[in-house]
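If you read the sequence shown in the UniProt record's numbering, its first letter stands for residue 1, the second for the next number, and so on. Written out below as C-alpha coordinates is the structure these notes cover.
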Amino acid sequence: MAVSDTIRAQIAADLANAEASAVAIDPPTLSHPDLDAVDAYEIQLVNIRRRLDAGAAIAGHKVGLASEAMQKMMNVDEPDYGHLLDDMRYFENAPIDRSTLCYPRVEVEVGFILGADLPGEGCSRADVIAAIEWVVPSIELIDSRIRDWKITLPDTIADNASSCGWILGEQRVAIADIDTGNIDARLHRNGEVVAEGNSAAVLGHPLTAVSWLANKVSSFGVRLRKGDVILPGTATRAIDIDAGDHFVAEFDGLGSVTVDFV
1 MAVSDTIRAQ IAADLANAEA SAVAIDPPTL SHPDLDAVDA YEIQLVNIRR
51 RLDAGAAIAG HKVGLASEAM QKMMNVDEPD YGHLLDDMRY FENAPIDRST
101 LCYPRVEVEV GFILGADLPG EGCSRADVIA AIEWVVPSIE LIDSRIRDWK
151 ITLPDTIADN ASSCGWILGE QRVAIADIDT GNIDARLHRN GEVVAEGNSA
201 AVLGHPLTAV SWLANKVSSF GVRLRKGDVI LPGTATRAID IDAGDHFVAE
251 FDGLGSVTVD FV
(Lines of atoms letter the chains of each structure in order from A and count residues from 1; the text may use other names and numbers.)
(Lines give C-alpha, C1' and ligand atoms only; values in the text may rest on other atoms or scores of the structure.)
Protein backbone atom coordinates (compact mmCIF):
# COMPACT_ATOMS: atom_id res chain seq x y z
CA MET A 1 0.00 0.00 0.00
CA ALA A 2 1.59 3.23 -1.18
CA VAL A 3 -1.05 5.61 0.20
CA SER A 4 -3.26 5.47 3.28
CA ASP A 5 -6.88 4.33 3.45
CA THR A 6 -7.81 7.94 4.23
CA ILE A 7 -6.22 9.17 1.00
CA ARG A 8 -7.82 6.33 -0.95
CA ALA A 9 -11.23 7.32 0.41
CA GLN A 10 -10.67 11.00 -0.45
CA ILE A 11 -9.62 10.21 -4.02
CA ALA A 12 -12.65 7.93 -4.43
CA ALA A 13 -14.94 10.70 -3.19
CA ASP A 14 -13.34 13.27 -5.51
CA LEU A 15 -13.81 10.96 -8.52
CA ALA A 16 -17.42 10.19 -7.56
CA ASN A 17 -18.18 13.91 -7.26
CA ALA A 18 -16.52 14.59 -10.61
CA GLU A 19 -18.65 11.93 -12.28
CA ALA A 20 -21.88 13.19 -10.69
CA SER A 21 -21.20 16.82 -11.62
CA ALA A 22 -19.45 16.23 -14.98
CA VAL A 23 -16.71 18.55 -13.71
CA ALA A 24 -13.30 16.90 -14.07
CA ILE A 25 -10.51 16.98 -11.47
CA ASP A 26 -6.72 17.03 -11.60
CA PRO A 27 -5.01 13.62 -11.81
CA PRO A 28 -4.85 11.97 -8.37
CA THR A 29 -1.19 11.09 -9.07
CA LEU A 30 -0.41 14.82 -9.27
CA SER A 31 -1.11 15.20 -5.55
CA HIS A 32 -0.12 11.65 -4.64
CA PRO A 33 2.79 10.57 -6.84
CA ASP A 34 3.24 7.39 -4.76
CA LEU A 35 -0.19 6.12 -5.84
CA ASP A 36 0.28 2.72 -7.47
CA ALA A 37 -1.94 0.29 -9.39
CA VAL A 38 -2.93 -1.69 -6.30
CA ASP A 39 -4.05 1.51 -4.54
CA ALA A 40 -5.93 2.47 -7.68
CA TYR A 41 -7.86 -0.81 -7.92
CA GLU A 42 -8.82 -0.45 -4.26
CA ILE A 43 -10.02 3.12 -4.94
CA GLN A 44 -12.05 1.81 -7.87
CA LEU A 45 -13.64 -0.77 -5.54
CA VAL A 46 -14.56 1.91 -2.97
CA ASN A 47 -16.76 3.60 -5.56
CA ILE A 48 -18.11 0.34 -6.97
CA ARG A 49 -19.16 -0.78 -3.47
CA ARG A 50 -20.80 2.61 -2.89
CA ARG A 51 -22.85 2.22 -6.07
CA LEU A 52 -23.77 -1.37 -5.21
CA ASP A 53 -24.94 -0.20 -1.78
CA ALA A 54 -27.11 2.39 -3.57
CA GLY A 55 -28.82 -0.34 -5.58
CA ALA A 56 -26.69 -0.96 -8.68
CA ALA A 57 -25.67 -4.49 -9.67
CA ILE A 58 -22.53 -5.79 -11.36
CA ALA A 59 -23.29 -6.60 -15.01
CA GLY A 60 -19.75 -7.51 -16.06
CA HIS A 61 -16.25 -6.16 -16.57
CA LYS A 62 -14.23 -4.39 -19.22
CA VAL A 63 -10.58 -4.60 -20.22
CA GLY A 64 -9.05 -1.24 -21.01
CA LEU A 65 -5.91 -0.32 -22.92
CA ALA A 66 -5.78 -3.78 -24.49
CA SER A 67 -4.47 -2.69 -27.89
CA GLU A 68 -1.09 -1.27 -28.79
CA ALA A 69 -2.88 1.76 -30.28
CA MET A 70 -4.71 2.53 -27.04
CA GLN A 71 -1.61 1.94 -24.89
CA LYS A 72 0.30 4.42 -27.06
CA MET A 73 -2.62 6.86 -26.98
CA MET A 74 -2.66 6.75 -23.16
CA ASN A 75 1.13 6.33 -22.77
CA VAL A 76 0.91 3.10 -20.73
CA ASP A 77 2.33 -0.37 -21.26
CA GLU A 78 -0.24 -2.78 -19.81
CA PRO A 79 -4.02 -3.29 -19.83
CA ASP A 80 -6.33 -2.46 -16.95
CA TYR A 81 -9.89 -3.37 -16.02
CA GLY A 82 -13.07 -1.77 -14.77
CA HIS A 83 -16.52 -2.81 -13.62
CA LEU A 84 -19.66 -2.64 -15.75
CA LEU A 85 -22.76 -1.91 -13.67
CA ASP A 86 -26.35 -2.33 -14.75
CA ASP A 87 -26.97 1.41 -14.33
CA MET A 88 -24.19 2.08 -16.87
CA ARG A 89 -26.06 0.32 -19.67
CA TYR A 90 -27.43 2.44 -22.50
CA PHE A 91 -29.75 1.37 -25.29
CA GLU A 92 -29.70 1.94 -29.03
CA ASN A 93 -33.03 3.78 -29.13
CA ALA A 94 -32.30 6.14 -26.22
CA PRO A 95 -30.02 9.12 -27.01
CA ILE A 96 -27.39 10.05 -24.42
CA ASP A 97 -27.10 13.58 -23.05
CA ARG A 98 -23.55 14.71 -23.88
CA SER A 99 -23.66 17.38 -21.16
CA THR A 100 -23.75 14.73 -18.40
CA LEU A 101 -20.25 13.55 -19.36
CA CYS A 102 -16.78 15.08 -19.15
CA TYR A 103 -14.68 13.96 -22.14
CA PRO A 104 -16.56 11.01 -23.64
CA ARG A 105 -15.23 8.75 -26.36
CA VAL A 106 -16.64 5.77 -28.25
CA GLU A 107 -14.86 2.42 -28.55
CA VAL A 108 -15.74 -0.47 -30.87
CA GLU A 109 -15.64 -3.87 -29.13
CA VAL A 110 -16.40 -7.51 -29.85
CA GLY A 111 -18.35 -8.25 -26.67
CA PHE A 112 -18.98 -11.55 -24.89
CA ILE A 113 -21.75 -12.85 -22.63
CA LEU A 114 -20.77 -15.65 -20.27
CA GLY A 115 -22.93 -18.76 -20.05
CA ALA A 116 -20.92 -20.15 -17.13
CA ASP A 117 -18.63 -18.90 -14.36
CA LEU A 118 -14.95 -18.56 -15.24
CA PRO A 119 -12.21 -19.86 -12.97
CA GLY A 120 -9.99 -17.22 -11.43
CA GLU A 121 -6.26 -17.82 -11.15
CA GLY A 122 -5.05 -20.11 -13.92
CA CYS A 123 -7.96 -19.34 -16.26
CA SER A 124 -6.98 -20.50 -19.76
CA ARG A 125 -8.24 -19.71 -23.24
CA ALA A 126 -9.93 -23.13 -23.28
CA ASP A 127 -11.80 -22.15 -20.09
CA VAL A 128 -12.87 -18.91 -21.77
CA ILE A 129 -14.15 -20.65 -24.92
CA ALA A 130 -16.10 -23.13 -22.81
CA ALA A 131 -17.71 -20.36 -20.74
CA ILE A 132 -18.72 -17.85 -23.45
CA GLU A 133 -22.31 -18.29 -24.55
CA TRP A 134 -22.64 -15.40 -27.01
CA VAL A 135 -20.48 -13.05 -29.07
CA VAL A 136 -22.17 -9.65 -29.45
CA PRO A 137 -21.58 -6.34 -31.24
CA SER A 138 -20.89 -3.68 -28.65
CA ILE A 139 -19.81 -0.11 -28.05
CA GLU A 140 -18.11 0.99 -24.88
CA LEU A 141 -18.54 4.59 -23.84
CA ILE A 142 -15.43 5.76 -22.05
CA ASP A 143 -15.00 9.02 -20.17
CA SER A 144 -12.33 10.49 -17.95
CA ARG A 145 -13.29 12.28 -14.78
CA ILE A 146 -9.69 13.56 -14.89
CA ARG A 147 -9.07 16.82 -16.69
CA ASP A 148 -8.18 16.54 -20.41
CA TRP A 149 -7.41 12.81 -20.18
CA LYS A 150 -4.07 13.68 -18.53
CA ILE A 151 -3.81 10.24 -16.95
CA THR A 152 -1.27 7.72 -15.83
CA LEU A 153 -2.18 4.06 -15.36
CA PRO A 154 -3.13 4.50 -11.64
CA ASP A 155 -5.29 7.51 -12.52
CA THR A 156 -7.41 5.65 -15.05
CA ILE A 157 -7.66 2.50 -12.91
CA ALA A 158 -8.93 4.53 -9.94
CA ASP A 159 -11.48 6.10 -12.31
CA ASN A 160 -13.04 2.67 -13.08
CA ALA A 161 -10.68 2.30 -16.05
CA SER A 162 -12.30 5.40 -17.57
CA SER A 163 -15.52 3.47 -18.21
CA CYS A 164 -18.93 5.09 -18.10
CA GLY A 165 -21.28 3.10 -20.29
CA TRP A 166 -21.92 0.23 -22.69
CA ILE A 167 -24.35 -0.55 -25.48
CA LEU A 168 -25.03 -4.00 -26.98
CA GLY A 169 -26.43 -4.66 -30.43
CA GLU A 170 -29.25 -7.14 -30.86
CA GLN A 171 -27.36 -9.90 -32.70
CA ARG A 172 -26.06 -12.95 -30.83
CA VAL A 173 -23.59 -15.38 -32.42
CA ALA A 174 -22.38 -18.61 -30.80
CA ILE A 175 -18.62 -18.60 -30.27
CA ALA A 176 -18.29 -21.79 -32.35
CA ASP A 177 -19.78 -19.96 -35.34
CA ILE A 178 -17.31 -17.07 -35.62
CA ASP A 179 -13.54 -16.55 -35.51
CA THR A 180 -13.38 -14.02 -32.70
CA GLY A 181 -9.68 -13.42 -33.37
CA ASN A 182 -10.28 -12.09 -36.88
CA ILE A 183 -13.32 -9.80 -36.98
CA ASP A 184 -13.05 -6.61 -39.03
CA ALA A 185 -14.89 -3.64 -37.53
CA ARG A 186 -15.72 -0.12 -38.66
CA LEU A 187 -17.04 2.89 -36.79
CA HIS A 188 -19.21 5.38 -38.66
CA ARG A 189 -19.85 8.86 -37.26
CA ASN A 190 -22.66 10.74 -38.99
CA GLY A 191 -22.25 8.49 -42.05
CA GLU A 192 -18.45 8.76 -42.33
CA VAL A 193 -16.02 5.97 -41.42
CA VAL A 194 -13.82 7.43 -38.66
CA ALA A 195 -12.10 4.28 -37.37
CA GLU A 196 -11.54 0.70 -38.48
CA GLY A 197 -9.63 -2.25 -37.15
CA ASN A 198 -9.57 -5.96 -36.46
CA SER A 199 -10.26 -7.85 -33.25
CA ALA A 200 -6.70 -9.26 -33.40
CA ALA A 201 -5.56 -5.81 -32.18
CA VAL A 202 -6.88 -6.77 -28.71
CA LEU A 203 -3.82 -8.42 -27.10
CA GLY A 204 -3.43 -10.46 -30.29
CA HIS A 205 -6.80 -12.13 -29.64
CA PRO A 206 -9.76 -10.92 -27.56
CA LEU A 207 -9.99 -14.29 -25.80
CA THR A 208 -6.49 -13.60 -24.43
CA ALA A 209 -7.90 -10.41 -22.91
CA VAL A 210 -10.71 -12.37 -21.22
CA SER A 211 -8.33 -14.91 -19.67
CA TRP A 212 -6.03 -12.04 -18.56
CA LEU A 213 -9.07 -10.38 -16.98
CA ALA A 214 -10.20 -13.52 -15.12
CA ASN A 215 -6.72 -13.98 -13.67
CA LYS A 216 -6.30 -10.29 -12.81
CA VAL A 217 -9.60 -9.78 -11.00
CA SER A 218 -9.11 -12.97 -8.97
CA SER A 219 -6.23 -11.27 -7.15
CA PHE A 220 -8.80 -8.77 -5.83
CA GLY A 221 -11.31 -11.43 -4.83
CA VAL A 222 -13.48 -10.93 -7.91
CA ARG A 223 -14.81 -13.65 -10.25
CA LEU A 224 -16.37 -13.47 -13.70
CA ARG A 225 -19.82 -15.03 -13.45
CA LYS A 226 -22.50 -16.56 -15.66
CA GLY A 227 -24.48 -13.79 -17.35
CA ASP A 228 -21.66 -11.26 -17.13
CA VAL A 229 -20.95 -9.01 -20.11
CA ILE A 230 -17.24 -8.91 -20.92
CA LEU A 231 -15.80 -6.13 -23.07
CA PRO A 232 -12.25 -7.25 -23.94
CA GLY A 233 -10.93 -4.01 -25.40
CA THR A 234 -11.33 -1.92 -28.52
CA ALA A 235 -10.31 -3.00 -32.01
CA THR A 236 -9.85 0.65 -33.06
CA ARG A 237 -8.73 3.93 -31.58
CA ALA A 238 -11.20 5.77 -29.36
CA ILE A 239 -13.22 8.56 -31.01
CA ASP A 240 -14.29 11.81 -29.33
CA ILE A 241 -17.99 12.63 -29.11
CA ASP A 242 -19.94 15.83 -29.79
CA ALA A 243 -23.63 16.50 -29.15
CA GLY A 244 -25.59 15.50 -32.23
CA ASP A 245 -23.28 12.64 -33.21
CA HIS A 246 -24.76 9.39 -34.53
CA PHE A 247 -22.43 6.39 -34.35
CA VAL A 248 -22.78 2.97 -35.99
CA ALA A 249 -20.27 0.21 -35.23
CA GLU A 250 -20.27 -2.57 -37.84
CA PHE A 251 -18.68 -5.98 -37.33
CA ASP A 252 -18.18 -8.51 -40.13
CA GLY A 253 -20.27 -11.58 -39.34
CA LEU A 254 -21.59 -10.08 -36.13
CA GLY A 255 -23.95 -7.27 -37.02
CA SER A 256 -23.96 -3.71 -35.76
CA VAL A 257 -24.76 -1.43 -32.82
CA THR A 258 -25.69 2.25 -32.77
CA VAL A 259 -25.59 5.12 -30.27
CA ASP A 260 -26.73 8.73 -30.47
CA PHE A 261 -25.79 11.84 -28.46
CA VAL A 262 -27.79 14.99 -27.85
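Beta carbons: idealized from backbone N, C-alpha and C, even for Gly. All values reported here derive from a predicted model rather than from experimental measurement.
Anyone know if the C-beta pair for residue i and residue j falls short of 8 Å?
{"i": "glycine 64", "j": "serine 199", "result": "no"}
{"i": "glycine 181", "j": "alanine 235", "result": "no"}
{"i": "alanine 40", "j": "alanine 195", "result": "no"}
{"i": "aspartate 155", "j": "proline 28", "result": "yes"}
{"i": "glutamine 71", "j": "asparagine 160", "result": "no"}
{"i": "serine 138", "j": "glycine 120", "result": "no"}
{"i": "asparagine 47", "j": "alanine 12", "result": "yes"}
{"i": "leucine 239", "j": "arginine 189", "result": "Contrary to the premise, residue 239 reads as isoleucine rather than leucine in this sequence. Going by C-beta atoms, isoleucine 239 is nearer than 8 Å to arginine 189."}
{"i": "threonine 258", "j": "glutamate 92", "result": "yes"}
{"i": "alanine 66", "j": "leucine 224", "result": "no"}
{"i": "leucine 254", "j": "valine 128", "result": "no"}
{"i": "isoleucine 241", "j": "isoleucine 175", "result": "no"}
{"i": "glutamate 140", "j": "leucine 30", "result": "no"}
Can you list, in chain order, the residues of its chain whose CB lies under 8 Å from that of residue i, leaving out five sequence neighbours each side?
{"i": "alanine 24", "result": "Ala18, Cys102, Tyr103, Ser144, Arg145, Ile146, Arg147 and Asp148"}
Taking C-alpha atoms, which residue in the options lies nearest to residue i?
{"i": "residue 264", "options": "Ser99, Gly227, Phe112 and Lys62", "result": "Because the chain here runs from 1 to 262, residue 264 falls outside it and cannot be looked at."}
{"i": "alanine 116", "options": "Ala214, Pro206 and Val257", "result": "Ala214"}
{"i": "alanine 130", "options": "Ala16, Ser211 and Leu30", "result": "Ser211"}
{"i": "glutamate 250", "options": "Trp134, Val108 and Val128", "result": "Val108"}
{"i": "aspartate 53", "options": "Glu68, Leu85 and Asn75", "result": "Leu85"}
{"i": "aspartate 184", "options": "Glu133, Ser4 and Ala201", "result": "Ala201"}
{"i": "phenylalanine 261", "options": "Ser218, Gly165 and Tyr81", "result": "Gly165"}
{"i": "cysteine 123", "options": "Asp228, Arg237 and Lys216", "result": "Lys216"}
{"i": "glutamate 170", "options": "Ala69, Glu68 and Ile113", "result": "Ile113"}
{"i": "serine 218", "options": "Tyr81, Asp77 and Ser31", "result": "Tyr81"}
{"i": "alanine 20", "options": "Val3, Arg51, Ala2 and Val229", "result": "Arg51"}
Report whether the distance from the Cβ of residue i to the nearest heavy atom of the ligand NAD is below 7 Å.
{"i": "valine 248", "result": "The ligand NAD is not part of this structure, which contains no ligands at all."}
Go through its chain and collect everything with a Cβ distance to residue i's Cβ below 6 Å, but skip five positions before and after it.
{"i": "arginine 186", "result": "Val193, Glu196 and Glu250"}
{"i": "leucine 15", "result": "Arg145 and Asp159"}
Between residue i and chain D, is the shortest Cβ-Cβ distance under 8 Å, so that the two count as touching?
{"i": "glutamine 71", "result": "Chain labels in this structure do not include chain D; a single protein chain is all it has."}
Skipping 5 residues on each side, what residues in its chain have a beta carbon closer than 7 Å to that of residue i?
{"i": "arginine 8", "result": "Asp39, Glu42, Ile43 and Val46"}
{"i": "alanine 243", "result": "Arg98, Phe261 and Val262"}
{"i": "residue 263", "result": "Limits of the chain in this structure are 1 at one end and 262 at the other, which puts residue 263 out of reach."}
Can you give the beta carbon distance from residue i to residue j, rounded, assuming they're within the 8 Å contact cut?
{"i": "isoleucine 142", "j": "arginine 89", "result": "With 8 Å as the limit, isoleucine 142 and arginine 89 do not qualify as a contact, their Cβ atoms being about 15 Å apart."}
{"i": "proline 79", "j": "glycine 233", "result": "7 Å"}
{"i": "alanine 69", "j": "arginine 237", "result": "5 Å"}
{"i": "valine 76", "j": "leucine 153", "result": "5 Å"}
Is the segment 27-42 in contact with the segment 52-66, if contact means three or more CB pairs nearer than 8 Å?
No, they do not touch.
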